[in-house]
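In our numbering, the protein residues as written are 5 to 258. Since the structure comes first, as structure tokens, the remarks are kept for the end.
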Amino acid sequence: MKAFKYYNAQDLKDAVAVLSKPGDSRVLAGGTDILGDMKTRNAAPERLVNLKSVQGLDSISPGSSGLRLGALARLSDIAANATIKAKYTGLAEAAGSVGSPQLRNMGTLGGNLCQRPRCWYYRGPEYNCVRKGGGVCFAVSGRNKYHCILNGGPCFIVHPSDVAPMLMALGASVTIASAKGTREVKLDDFFVLPETDPTVETVLQKGEVLTGVTVPAPAAGQKSHYLKFKERESRDFALVGAAVVLDMEGHTVR
Numbered sequence: 005m006k007a008f009k010y011y012n013a014q015d016l017k018d019a020v021a022v023l024s025k026p027g028d029s030r031v032l033a034g035g036t037d038i039l040g041d042m043k044t045r046n047a048a049p050e051r052l053v054n055l056k057s058v059q060g061l062d063s064i065s066p067g068s069s070g071l072r073l074g075a076l077a078r079l080s081d082i083a084a085n086a087t088i089k090a091k092y093t094g095l096a097e098a099a100g101s102v103g104s105p106q107l108r109n110m111g112t113l114g115g116n117l118c119q120r121p122r123c124w125y126y127r128g129p130e131y132n133c134v135r136k137g138g139g140v141c142f143a144v145s146g147r148n149k150y151h152c153i154l155n156g157g158p159c160f161i162v163h164p165s166d167v168a169p170m171l172m173a174l175g176a177s178v179t180i181a182s183a184k185g186t187r188e189v190k191l192d193d194f195f196v197l198p199e200t201d202p203t204v205e206t207v208l209q210k211g212e213v214l215t216g217v218t219v220p221a222p223a224a225g226q227k228s229h230y231l232k233f234k235e236r237e238s239r240d241f242a243l244v245g246a247a248v249v250l251d252m253e254g255h256t257v258r
């Protein structure tokens, strides 16, 4: 791991100010993704900006108008929340399916949405793949069990988040903060497909931080479910994941 500076943000304004400085600065939330990327030197930021020192970013706030989740809300807390389990069942299921209990106790909602691809070639420092600015997607003729089988190209990764498709099905939006203020983005528009830009996964720009997620209140009779097929019961990514939201009238799909 390359040496780096570590900065505890005093508040959100302080965090975005440091992230906007020249050089490569990265956000540290739970650390379950970025630290692994740094150990392989796939990422080598000059500084890490710790968001855990910012008060209120770990909030879980259900209300009559919907559900507000701070970006630092832990996946284990989302999965265990009684209101989420009752009204946003699929989200609790998706959060509870991530990794292992240890990872869910560290991993955050924002980090899960912003994690980098789990492709072996992207993670391997010896491969200059399309996502790292090269000209070849090695997964096409190589190890591609976890890659996409529909659409895709020029890079064939799939986003590894379980909560992302469930939140998209629920109509969620994200709040993004920067030195210019905040903006709301529908989660449908938050992710960037490889055909648009194969080197990034989200619309986040330098100096921007995802601070929270808003989920609309479910309509009467709305039911949600997340189903994940994986080879191992724990610490495995989905071979196939499906998120569904249905408006029900008794036992009839409206």
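By construction, the Cβ of each residue, glycine as well, lies at the ideal position given by its N, Cα and C atoms. Bear in mind the structure is a predicted one, so any value in this text is a computation, not a measurement.
Report yes if the CB atom of residue i is closer than 8 Å to the CB atom of residue j, and no otherwise.
i    : j    : result
G20  : S182 : Looking at the sequence provided, one finds Val at residue 20 rather than Gly. Result yes, Cβ atoms of V20 and S182 sit closer than 8 Å.
G114 : A75  : yes
P169 : R45  : no
S80  : N54  : no
L16  : T206 : no
R30  : L52  : yes
P198 : I153 : no
Examine the ligand ATP and report whether any of its heavy atoms sits within less than 7 Å of the Cβ of residue i.
i    : result
Q209 : Absence of the ligand ATP is noted for the structure shown, with no ligands found whatsoever.
Return the chain-ordered list of same chain residues with a C-beta closer than 7 Å to the C-beta of residue i, the five sequence neighbours on each side being excluded.
i    : result
V204 : V196
G211 : V20, L23, S24, S182, A183
R122 : Y150, P164, F241
In the DSSP output, what is residue i paired with across the bridge?
i    : result
C133 : V140
R30  : L52
T218 : R72, S177
T256 : E253
H229 : V248
F195 : T206
T213 : Per the sequence shown, residue 213 should be read as Val rather than Thr. Per DSSP, A181.
Where does the unbroken beta strand (DSSP E) through residue i begin, and where does it stop?
i    : result
R108 : Per DSSP, R108 belongs to no beta strand (DSSP E); it is in the alpha helix (DSSP H), 105-110.
V189 : 185-190
S80  : First-last for S80: 79-84, but that is the alpha helix (DSSP H), not the beta strand (DSSP E).
K9   : 9-12
G67  : 64-67
Between which residues of its own chain and residue i is the CB-CB distance below 6 Å, once the five residues before and five after are set aside?
i    : result
M252 : G225, K227
D62  : G74, L76, A77
Going along the chain, which residues of its own chain have a beta-carbon closer than 8 Å to the beta-carbon of residue i, five neighbours each way excluded?
i    : result
D166 : A98, A99, S101, V102, N116, Y230, K232, A242, G245
N148 : F160
Return the first residue and the last residue of the alpha helix (DSSP H) that residue i is part of.
i    : result
K43  : 38-43
G35  : Taken as a continuous stretch (DSSP letters only), G35 belongs to no alpha helix (DSSP H), as it is neither H nor E.
G157 : Neither: G157 is in no alpha helix (DSSP H) and is coded neither H nor E.
G100 : 93-100
C123 : Here C123 belongs to no alpha helix (DSSP H), and DSSP marks it neither H nor E.
A19  : 16-23
C118 : 113-118
If we cut at 8 Å on Cβ distances, does residue i have a partner in chain D?
i    : result
E253 : The chain labelled as chain D is not found in the depicted structure, where only one protein chain is given.
Are there three or more Cβ pairs, one per stretch, closer than 8 Å when the region 83-96 is compared with the region 55-75? yes
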